[in-house]
Ligand SMILES: [Zn+2]
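This is the structure:
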């Protein structure tokens, strides 16, 4: 039998060719599949990046934006509330506080107590509060009961932002409040009641009164001195001031207010500064940044009466 080598060789080549072809096809399929997968993954990446980029750049539709803002506000509000709880205090007129009040002007350190009388008013008080917040200063507001009654929200804000709410009587009419000692006490009580209502804290008692027009001198000097004794019996302290901008009368320019401040603060470590936040005291608010700046430059730190009344 004659072996046809050529034929056998051809057959072997053909088989080899088929196997190689199959393997090649399989490889092609495999690589194609891998290629598609890779392309898909790449595409996915591209799309994600594009979406992220779009979210960063485009404004979200209003509704969505509002929801996000609301959530952010809620979180902030919650944080503020937590903060407020720790700031809000109930004054305590302890024996130690009595002693400290008597010695308030004796101090090794430079301390400034900013005090605002005759408010709250819608035109001036919120501006002052904004500024105090910005400067991180806690002050004291000697409020009038009659004003608290019409602007309770502002007093609530004062309290919630850590300021001391003290008592300046109800009417601020000398002929009424200084008619008798009873009237002084009754105006004090009436104002305390309005403060409690405004801040919604039943146990709040300021224990701190500022006589309208000051606690000394004038035609009501005798009555005032009797009233002081009565206040003392009732565990109520009183405080005047030892520095002022004279924003109540006379000074009608920033320059004059600052000049008065400088001359009355001079050589004093502990200063209780009298200012006003009645509705017409725009200039007081406008000058306050300079007042704060000057006191800081002189090395004063700020405090309110919570430091004492505890
Ligand atoms: Zn006053």
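Numbering (this note's numbering), first residue to last: 458 to 767. Backbone N, C-alpha and C fix where the C-beta goes; we use that ideal spot for every residue, glycine too.
Under the three-state DSSP convention, the category residue i falls into
i: residue 582; result: helix
i: residue 601; result: coil
i: residue 668; result: coil
i: residue 732; result: strand
i: residue 568; result: strand
i: residue 621; result: strand
i: residue 478; result: helix
i: residue 662; result: coil
i: residue 758; result: strand
i: residue 697; result: coil
i: residue 637; result: coil
i: residue 551; result: coil
i: residue 747; result: helix
i: residue 587; result: helix
i: residue 574; result: strand
i: residue 713; result: helix
Backbone CA spacing between residue i and residue j [nearest angstrom]
i: residue 630; j: residue 667; result: 14 Å
i: residue 721; j: residue 691; result: 32 Å
i: residue 697; j: residue 567; result: 18 Å
i: residue 644; j: residue 711; result: 33 Å
i: residue 613; j: residue 709; result: 30 Å
i: residue 713; j: residue 580; result: 22 Å
i: residue 578; j: residue 665; result: 20 Å
i: residue 753; j: residue 624; result: 27 Å
i: residue 689; j: residue 576; result: 25 Å
i: residue 556; j: residue 550; result: 10 Å
i: residue 639; j: residue 609; result: 26 Å
i: residue 615; j: residue 646; result: 20 Å
i: residue 715; j: residue 747; result: 7 Å
i: residue 650; j: residue 669; result: 18 Å
i: residue 611; j: residue 599; result: 13 Å
i: residue 552; j: residue 546; result: 18 Å
i: residue 681; j: residue 617; result: 32 Å
i: residue 628; j: residue 679; result: 20 Å
i: residue 483; j: residue 474; result: 14 Å
i: residue 472; j: residue 481; result: 14 Å
i: residue 607; j: residue 671; result: 25 Å
Beta-carbon proximity check, residue i vs residue j, cutoff 9 Å
i: residue 626; j: residue 597; result: no
i: residue 695; j: residue 685; result: yes
i: residue 620; j: residue 589; result: yes
i: residue 728; j: residue 705; result: no
i: residue 663; j: residue 548; result: yes
i: residue 767; j: residue 554; result: yes
i: residue 605; j: residue 652; result: yes
i: residue 763; j: residue 718; result: no
i: residue 761; j: residue 595; result: yes
i: residue 769; j: residue 641; result: For residue 769 there is no data in the structure shown, the boundaries of the chain being 458 and 767.
i: residue 726; j: residue 603; result: no
i: residue 409; j: residue 622; result: Here the chain covers residues 458 to 767 and nothing more, so residue 409 does not appear.
i: residue 558; j: residue 749; result: no
Short CB-CB distance (under 9 Å) between residue i and chain C
i: residue 643; result: Here chain C cannot be found, since the structure has a single protein chain.
For ligand 1, which residues have a Cβ under 6 Å from at least one heavy atom, in chain order? This selection yields 574, 575, 625, 629 and 669.
When the Cβ atoms of the region 721-737 are set against those of the region 565-578, are three or more pairs found closer than 8 Å? yes
With three or more beta-carbon pairs closer than 8 Å as the criterion, would you say the region 746-761 touches the region 654-672? no
Are the region 576-594 and the region 737-745 touching by the rule of at least three beta carbon pairs closer than 8 Å? yes
When you compare the region 635-646 with the region 673-681, are there three or more beta-carbon pairs, one atom per stretch, that lie closer than 8 Å? yes
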